[in-house]
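**Student:**
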Amino acid sequence: HKGADMKDEL
Amino acid sequence: MNVFRLAGDVSHLVAIIILLVKIWRSKSCAGISGKSQVLFALVFTTRYLDLFTVFISAYNTIMKVVFLAMSYATVYLIYMRFRNMYDSENDTFRVEFLLVPVIGLSFLENYAFTPLEILWTFSIFLEAVAIMPQLFMITKTGEAESITTHYLFFLGLYRALYIANWVWRYHTEEFFDQIAVVSGVVQTIFYCDFFYLYVTRVLRGKAKMILP
Chain A
47 HKGADMKDEL
Chain B
220 MNVFRLAGDV
230 SHLVAIIILL
240 VKIWRSKSCA
250 GISGKSQVLF
260 ALVFTTRYLD
270 LFTVFISAYN
280 TIMKVVFLAM
290 SYATVYLIYM
300 RFRNMYDSEN
310 DTFRVEFLLV
320 PVIGLSFLEN
330 YAFTPLEILW
340 TFSIFLEAVA
350 IMPQLFMITK
360 TGEAESITTH
370 YLFFLGLYRA
380 LYIANWVWRY
390 HTEEFFDQIA
400 VVSGVVQTIF
410 YCDFFYLYVT
420 RVLRGKAKMI
430 LP
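Below you can see the structure in the form of structure tokens.
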């Protein structure tokens with residue numbers, strides 16, 4: 047998946 | 220969540236705590252670039268707007284709130300509480316030279332042309348260069364106190380661990396965040412020269428890091 051859907055990193 | 224990611228977040232937290240405690244205990248922000256700290260506060264503010272839109276995990280929410288609070292506390296200490304000690308004469312990096320290209324790039328290269336996505340991209344690009352006023356200040360004065368260098372070491376370690384985290388995630392879950400990875404690698408490169416000086420000078424028992 048791409049970064050756009052789930053930004054779980056800080 | 221993997222061990223690299225967790226260690227990276229802990230390093231980031233340690234870096235910020237080192238800086239806050241150093242300023243608080245010494246009642247001085249000499250040698251600290253207030254401009255870099257304002258840029259970091261701006262980074263956290265624009266990135267963590269999703270606190271209001273999505274819930275990821277308790278860990279995620281708590282860390283975001285802690286980073287925001289500590290970055291604002293740092294800016295407060297530098298510009299309000301201990302502003303007499305703020306070394307503005309050596310903190311002369313022109314921040315607009317960072318902000319203008321970063322704003323431009325975040326409009327050009329993003330995952331979606333929406334306010335939140337553009338602000339998130341802006342925060343990623345800005346974080347990559349936000350330490351430059353601090354590094355510029357050290358170059359200008361030719362020295363840094365060892366606590367300041369420990370702060371920079373943990374910030375750089377956090378970046379290096381995030382790269383390990385991305386390698387891990389790419390192999391285990393096919394996760395690849397192009398914007399974060401590319402700017403993260405660029406950001407880490409800025410610390411390489413500093414890492415070299417840190418290992419060769421500070422770790423060999425010097426009270427200050429004096430540039431060659």
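In order, the protein sequence lines correspond to chains A and B.
For the record, in the first sequence the residue sitting at position 3 is 49 according to the working numbering, with numbers rising by one throughout.
For the record, in the second sequence the residue sitting at position 153 is 372 according to the working numbering, with numbers rising by one throughout.
Don't be surprised by glycine CBs; every beta carbon is placed ideally from N, CA and C.
1) In the DSSP assignment, the beta strand (DSSP E) including Met428 of chain B goes from what residue to what residue?
2) For Arg388 of chain B and Val229 of chain B, I'd like the C-alpha separation in whole angstroms.
3) Taking 8 Å as the cut-off, does the stretch 300 to 311 of chain B touch the stretch 246 to 266 of chain B (at least 3 CB pairs, one atom from each stretch)?
4) Looking only at its chain, what residues have a beta carbon closer than 7 Å to the beta carbon of Gly227 of chain B, apart from the 5 residues adjacent to it on each side?
5) Could you tell me which of B:Phe372, B:Pro431, B:Val233 sits nearest to Val418 of chain B, measuring between CA atoms?
6) Excluding five sequence neighbours on each side, which residues of the same chain lie with their C-beta closer than 6 Å to the C-beta of Ala234 of chain B?
7) Mind pulling the chain A residues with CB within less than 8 Å of Met282 of chain B?
8) Would Ser342 of chain B and Arg266 of chain B be called neighbours here (beta carbons separated by less than 7 Å)?
9) Where do the ends of the alpha helix (DSSP H) carrying Ala331 of chain B lie?
10) So, for Ile366 of chain B: in the same chain, excluding its five sequence neighbours on each side, which residues have a beta-carbon less than 6 Å away from its beta-carbon?
11) With Asp396 of chain B and Leu335 of chain B assumed to form a contact (beta carbons below 8 Å), what rounded beta-carbon distance in angstroms separates them?
12) Ignore the nearest five residues each way along the sequence and tell me which others in Asn221 of chain B's own chain have a CB closer than 8 Å to its CB.
13) If you count every other CB in all the chains shown that lies within 10 Å of the CB of Arg224 of chain B, and 16 or more means buried, which is it?
14) If the cut-off is 9 Å on Cβ atoms, which residues from the stretch 272 to 304 of chain B count as contacting chain A, listed in chain order?
15) Under a Cβ-count criterion, where at least 16 other Cβ atoms within 10 Å of its own Cβ denotes burial, should Phe316 of chain B be classed as buried or exposed?
16) Expressed to the nearest angstrom, what Euclidean distance is found between the alpha-carbon atoms of Ala292 of chain B and Leu239 of chain B?
17) So, does the CB of Asp412 of chain B fall closer than 7 Å to a CB anywhere in chain A?
18) Residues of the stretch 259 to 272 of chain B in Cβ contact with chain A at a cutoff of 7 Å, in chain order, please.
**Tutor:** In this structure, then:
1) As a working mapping, residue 428 of chain B is identified with position 209 in the second sequence. Element bounds for Met428 of chain B: 427 to 429.
2) Locating residue 388 of chain B in the second sequence gives position 169, counting from the first residue. Locating residue 229 of chain B in the second sequence gives position 10, counting from the first residue. If I take the Cα positions, the gap works out to 18 Å.
3) yes
4) Within the second sequence, residue 227 of chain B is the residue found at index 8, counting from 1. Once the five neighbours on either side are set aside, the close Cβ partners of Gly227 of chain B are Tyr377, Leu380, Tyr381, Asn384.
5) Mapped onto the second sequence, residue 418 of chain B falls at position 199. When B:Phe372, B:Pro431, B:Val233 are compared, the shortest CA-CA separation from Val418 of chain B is found for B:Phe372.
6) As a working mapping, residue 234 of chain B is identified with position 15 in the second sequence. Cβ within range, chain order: Tyr370, Phe373, Leu374.
7) Locating residue 282 of chain B in the second sequence gives position 63, counting from the first residue. Within 8 Å Cβ-Cβ: Leu56.
8) Residue mapping note: residue 342 of chain B aligns to position 123 of the second sequence, counting from 1. Residue mapping note: residue 266 of chain B aligns to position 47 of the second sequence, counting from 1. Yes, the Cβ-Cβ distance between Ser342 of chain B and Arg266 of chain B is below 7 Å.
9) Against the second sequence, residue 331 of chain B aligns to sequence position 112. Where Ala331 of chain B is concerned, there is no enclosing alpha helix (DSSP H), given that its DSSP letter is neither H nor E.
10) Mapped onto the second sequence, residue 366 of chain B falls at position 147. Hits under 6 Å: Lys241.
11) As a working mapping, residue 396 of chain B is identified with position 177 in the second sequence. As a working mapping, residue 335 of chain B is identified with position 116 in the second sequence. Not confirmed; about 16 Å, so no contact.
12) The residue labelled residue 221 of chain B in the question sits at position 2 within the second sequence. If we look at Asn221 of chain B and ignore the five residues flanking it on each side, its Cβ neighbours are Asn384, Trp387, Arg388, Thr391.
13) Here the question's residue 224 of chain B lines up with position 5 in the second sequence. That one is buried.
14) Those residues of the stretch 272 to 304 of chain B placed with their C-beta closer than 9 Å to a C-beta in chain A are Val273, Ile275, Ser276, Asn279, Met282, Lys283, Phe286, ordered along the chain.
15) As a working mapping, residue 316 of chain B is identified with position 97 in the second sequence. With fewer than 16 Cβ atoms within 10 Å of its Cβ, Phe316 of chain B is classed as exposed.
16) The residue given as residue 292 of chain B occupies position 73 in the second sequence. The residue given as residue 239 of chain B occupies position 20 in the second sequence. Rounded to the nearest angstrom, the gap between the Cα atoms of Ala292 of chain B and Leu239 of chain B is 8 Å.
17) In the second sequence, the residue the question calls residue 412 of chain B occupies position 193. No, Asp412 of chain B lies away from the interface with chain A (no Cβ there is under 7 Å from its Cβ).
18) Taken in chain order, the members of the stretch 259 to 272 of chain B whose beta-carbon sits within less than 7 Å of a beta-carbon on chain A are Asp269.
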